[in-house]
Structures are given as C-alpha cells and as structure tokens.
Amino acid sequence: MELLSNLALGFSVALTPFTLFLAVAGCFLGTIIGALPGLGPSNGVAILIPLAFSLGLDATSALVLMTAVYYGAMYGGRISSILLNIPGDEPALMTTLDGYPMAKAGRAGDALVLSGFASFFGALFATIGLMLLAPLLSRIAYQFGPSEYFALYLLAFSTLGGIASRNQAKAALASCIGLGIAMIGLDNQTGMPRFTGGNLHLMDGVDFLVAIVGLFAVAEVFVFIESHGRESSIGVKLGKVTLPVRDLTKGIGTMLRSSVIGFIAGVLPGAGASLGSFLAYMGEKNVQGEKGGFGTGVPKGVMAPEAGNNAAAGGALVPMLTLGVPGSGTTAVLLALLLTLNITPGPTLFTDRPDVVWGLIASLLIANFVLLAMNVPMVKMFVHILSVPAWVLLPGVMMISFVGIYSLSGSYFDLLLMIFFGIVGWMFRKLDVPTVPIILGILLGNHMEDALRRAMILSDGDWRFLFGFRWHSSPGEYEFYSAIPSSLLVLAVAGFVAPIFLRRVIKKPQAVSD
Amino acid sequence: MKLSDRLFGVVVILGALAYTAGAFQIQASFMSDPVGSKTFPLMLAGVAAICGLIFVFRPDDDPAWPGRMTLGNIVIAVLVMVAYAHALKPLGFLIPTAICAAILSFQISPRPLPAAITGLGLSIGLFLIFKYALGLGLQPLPKAWLG
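Chains as they are written, first to last, in our numbering: chain R, 1 to 514; chain E, 1001 to 1147.
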C-alpha cells in the first residue's frame, strides 16, 4: 500500500502539463540522439546537461528531462544498428548481429518494430523492478557508515572496467586520474588549496561537466575528423512498417528472460547496459540452441539484446539512486546532474525528497509508453534523421557543447579545459584507456576521500576499522562490528581480478558474428 | 611495435611523481584529522605509478595512429576551437560560430561550399534556438557594433 501511495505522489508530480511536456520532448530528443551514429546516451545526456542547467529547471524537471533522453537514446540506438549496421551506441552493438541481416533480407520494418516492442518490454520490466527494489536497497543502505561507503566506492571503481575494457591496469589508471583530478581545489576538511598551482580558476576544482562534455562530445569530434565522417553511410531501404504479431507473441519468453538478465546486469555496479545486452543475447542464444539460427537475422536475435539493454538501463538507476554509486557511464552522467542540482543521491533521498524519486519513476513509466508510440508507429520519421551527414552533425554537436559550457560559467578557461579533455579523451580512446572511470572519479573523489577520513576519525586512525573491526577498550579487544565492509572489499578484489580470467573464456562479441 | 604503451607508461610515472611532489606542497592547517590532506592523493599516485610500470613492462599492441594529414586536420581543429574559446566573448556569437563550424565541417568533409553553408546555417539556427527557445543570454555581434 505504501508503494501505491508513493506512486500516486509520483504521478501527481509527473502529470503536470510542463513535466509531461518535458518527458515527451526528452523522449523525442533522446531517440534522435540514440539513432545518430556516434552519439549515444552518455554523450547525448552530457551535452544537454549544461543547457538544462542554464534553463533554470528545478530538480524534478531536469531529472525527468534527462532520464527521458536517457531512455529515448537507449531505444533509438537500435535504429542505426539495424539499418546501417553501425551501433548508435555501445549497448546497441549486439543488435547489429541479427538486426542488420534481417534488414538486408528485406525485413527492416519488422526488425524495427520487434526491437521497439522488446525495448518497451525491457524498460517497463526494469522500471517496475526499480520501483520494488530501490526502496528495499535504500533501507539497507541506511545503515551504511563511512567504512561501508569507502568499500562501496572501491567496489564501483574496481568493477567499472569490467569486460568492457581489455586491460585492467588501464581501467585502474583511469580511476586514479579521475580521483586525482577531484583532489584539485580546496580541501573539504581543512580548507587548504591542493594542486591548484596558484591558479585562481582551479580553487573551486575542475567542474565535472567540463570534463564530461570534453571527454565524451569533443573527443567524438576528433574521432570523426579522423574517420572523415566515413561512418555515416547509406543503409538499407525501409519499406512498409507493419506489426508482425506472430513473431511478437512467440518472442514473449525471450523478452522476459532477457529482461531479467539485463536488469540484474544493470543493478550490479559498474556493469551497465553493454553487459546487459551481451549477456541477454548470449543467454538466449544458448536457450534457442543451433536451431535458433542466431546471427543469421532472426526476430528473437533482435528482441533479446534490445530487451536486455533497456532493462539494464533501468537497473543501473537502482544503485545510482539508492547508493549514489552509478552502474554505468550514463548513470554517472545523471549523477553529475543530480549533484549539480544539489541533490545527493543515497538512502536519504527516498525519505527526504520522495517527490524527486517517485516523480522520476512515474515519468519513466509515462516515458515508456511515449517511446513505444514514437518508436513503433512513428519510426519512419526517425529513420529520416539518419540521413543528416556527419559534416553538419559534428560541428553542431561541437557548437552546442561550447555554448552549454560557456553559458554555465562564462569563462574561457573552462572552454580551454574542455578542449584539453577532448584531446585527452581522443588519445585515451586510441590507447584503450576507458574514460567513464575518469568521470566517476571526478564525481566521487571527494566523497570517497571524505568517507576514508571520517572512518579514520571515528576509529582514531586505526586502519582495521575499514574492514569492520572496532577496538573496544573495556574488554580490551577488537570487535567485529559489521560484515558489510569486508564483504564489499572481497567483492571489489574479485570484481577486479575476475575479468582477467573471464576474458579468456568469453571472447568479444565480434567473434560471435564472424 | 609496442612503443605507444611504453611511452604512455613513462608519461604516467612522471605524472605520478609530479603529483606526489604536488601533494607534499599542500600546506598543513590548524585543523587536522588522522588521515590528513596528503594521504589519499599519495595513495592515488602510488597506484598510478604501478599502472605506469605495468604499461612499460607489459605493453599492449600499438593502436593505429592517424597519418600526417589527418593529424594535421586534428591540430587545425584544436587551434580553431582554442581561437573560438577566446573569440566568443569579445566578438559575440554569430561570426566566430559561423567560421568555426565551417572549418570543422571542412575538416570532416573537404568541400568548401557545403562547409560554408553548414557554418552559416548552424550559426544562425543555433543562435535562434539558444536565444529564443532556450532563453540564454547570448550576445549576437561584437559589442562595438551594437553601440
């Protein structure tokens, strides 16, 4: 019953005309961003955040707009996967495996409609999962003290590289760089400047929005210059769009299984949507066996990864909202948005700002239905957008990035810093150094250090406190006060080491299609 | 060849050393806690240095670096962006945006006329969107011209 009253509160926030308008606009923008090759949810949301901020939207409105863009981009990513064989973003990679062969066989319309429905199914499943799981998790997280949080941050950083990056040392370095950048500026505890080199601009630290837009959007422009826009090519013709009822009913089991796998993958810190779609596709491939014909252009091969990645996108919101630890690149960007709006995600969010949380959940439910309408009957309109050439699109992205950052701070120093991050992002992409941990490091660096320092203040400098031990003076021995910190630390070590071995077992998805 | 990672590793180690030196520059304050301002940064520098050593001794294969032409294009793009960052305030939005967008467009697809049209179109179109739809306080032209 508590759930229903919370939902009622949520809908009372979400159903105001303005919020509704933002949700629809966000879905529309998001689908476009997702559909454009090279622009995905994380860089799409990144370039829009400064704008949302300078529009002066309040917390709920900004969050509704951005999560609608996020969900929209997850839906839209499949369009270029199917029609151009170019994933609009990384999670949509698996959709190319069966989507493009289907389109080549003249079933592009069917593939788009079926994947649209699968996206809807996965996203709806995940939103309901979020609704049920998040309050439970926030109740557990309530008991977290500084040592638990320190261990949790360590877990997030050690798993973030995951199977997405090939070299764990490079993922670790990226985390260190991000955390190191976060240290720049005034020390929270003592008020002394650190690593500013006497530069006044750096006293407040490096704004994470500058880093995000630089690493994601500006770097993308360099990648495109390098490829000379080769990536936007003509694709497959799209014929009449009808509803393939038969394939849809046959695929319900597939969608359900894939949604469950995707949701779980999304909730795990650091894994995110790419892993969700990968696991959903591989899992379903095993279920269907040889006869399933995965990889040759079968409907179930499009539905599985799309249900999986959209479920993972919703799942990734769970740790972001309840613990303040994002589960993917885009949720890291959303976390940045929340922090800019002076909202600290975490267990207290559910009790202090129920309007924000439940308003968000209600608008996600609404956004799902809007997206279904946009992506199934209106899909043809978005297909036309794919014909925008890179030489118009990329300068446009660039200019929006500049104006976004400029309107935030009005300083050319931030613009130069953004260009610098763009160059670094491009080089790091070449060197296979992941950039998401850098963002997460800048976002969480000060929180992580604070957790460590507060834990040490509580224990008077005894490092064993971080593992869940507390000194008791009356019997004169150590007491094991909580199993959470050490279990999180064990998970962190396992999460860091496991991919090194797993990578030998699970080959990259390309090997599957070849 | 595995030169890229080796070189990168050396840069990382030097960076970690510089960061360590920076950490020792942090001045102590009258407020203090058991950890202090230096410990966490020093830990980060330590981990980063270890990563740098790994790159030097166990490098990955070299990525495909762009040729001299493409590298030139990217350098030009960077210079244009830096110039744009400096020009935005004194010259207003329209003129620098048109020039910068046109050059960037030309870098991606080297055809002068479409690039010029892209520059003009983006400059005017984005200005209208930013100014009237989003209500950002952008200045269209140089201050001197507006009197």
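For every residue, glycine included, the Cβ atom is placed at its ideal position computed from N, Cα and C.
Under the 8 Å criterion on CB atoms, Gln1027/E is classed as interfacial with respect to chain R. Assignment of Pro244/R by DSSP, reduced to helix, strand and coil, places it in the coil class. Within the stretch 1098 to 1110 of chain E, the residues whose Cβ lies closer than 9 Å to some Cβ of chain R are Cys1100, Ala1101, Ala1102, Ile1103, Leu1104, Ser1105, Phe1106, Gln1107, Ile1108, Ser1109, Pro1110, listed in chain order. Asp58/R and Ile439/R have their C-alpha atoms roughly 24 Å apart. In the DSSP annotation of this structure, the continuous segment of the alpha helix (DSSP H) that includes His384/R starts and ends at 379 to 385.
Judged by DSSP in its simplified three-state form, Phe480/R adopts strand. For Pro1041/E, the nearest beta carbon of chain R is closer than 8 Å to its own beta carbon. Within the stretch 204 to 221 of chain R, the residues whose Cβ lies closer than 9 Å to any Cβ of chain E are, in chain order, Val218, Val221. DSSP, read as helix, strand or coil, puts Pro17/R in helix.
The beta carbon of Lys1002/E does not come within 8 Å of any beta carbon belonging to chain R, so the residue lies off that interface. With its beta carbon less than 8 Å from one in chain E, Glu449/R belongs to the interface. For the options Asp204/R, Ala174/R, Asp187/R, the alpha carbon positioned closest to that of Leu215/R is the one of Ala174/R. In the same chain as Ala265/R, and ignoring 5 residues on each side of it, the C-beta atoms closer than 6 Å to its own belong to Ala271, Leu275, Gly276, Leu279, Ala312, in chain order.
DSSP places Leu341/R in the coil class of the three-state scheme, outside both helix and strand. In the three-state DSSP reduction, Gly185/R falls in the strand class (E or B). For the C-beta of Pro146/R, not a single chain E residue is nearer than 7 Å; the gap to the nearest is close to 11 Å.
The contact set of Tyr1084/E on chain R, defined by CB atoms closer than 7 Å, consists of Phe402 in chain order.
The beta carbons of Val213/R and Gly425/R sit about 10 Å from each other, so the pair does not count as a contact at 8 Å. Of Val318/R, Gly122/R, Ser459/R, Gly26/R, the smallest CA-CA separation from Ala307/R is found for Gly122/R.
Secondary structure at Phe125/R: helix, using DSSP grouped into helix, strand and coil. With a threshold of 8 Å between beta carbons, Ala1021/E makes no contact with chain R.
In this chain, the alpha helix (DSSP H) harbouring Phe224/R covers 219 to 227.
Taking a Cβ-Cβ threshold of 8 Å, the residues of chain R close to Ile1074/E are Phe222, Ile225, Glu226, Trp426, in chain order. Phe469/R sits in a strand when the DSSP states are folded into three classes. Ranking Pro395/R, Gly145/R, Val287/R by CA distance to the CA of Gly346/R puts Gly145/R first.
Rounded to whole angstroms, the gap between the alpha carbons of Asp352/R and Ala134/R is 15 Å. Using a CB distance below 7 Å, the part of the stretch 183 to 198 of chain R facing chain E consists of Met183, Asp187, Gln189, Thr190, Gly191, Met192, Arg194, Phe195, ordered along the chain.
Here DSSP, grouped into helix, strand and coil, assigns Pro50/R to helix. Residue contact check for Met1081/E against chain R: a CB pair falls below 8 Å. Pro395/R counts as buried, since no fewer than 16 other beta carbons sit within 10 angstroms of its beta carbon. Contact annotation: the stretch 16 to 31 of chain R does not touch the stretch 184 to 193 of chain R, with fewer than three C-beta pairs closer than 8 Å. Here the stretch 448 to 463 of chain R lies against the stretch 149 to 158 of chain R, with 3 or more beta-carbon pairs under 8 Å apart. In this structure, the CA atom of Leu1003/E is about 21 Å from the CA atom of Ala172/R. Nearest to Met1069/E by alpha-carbon distance, out of Ile225/R, Val497/R, Asn6/R, is Ile225/R. In the displayed model, Arg194/R falls within a strand according to three-state DSSP.
Gly1022/E sits in a helix when the DSSP states are folded into three classes.
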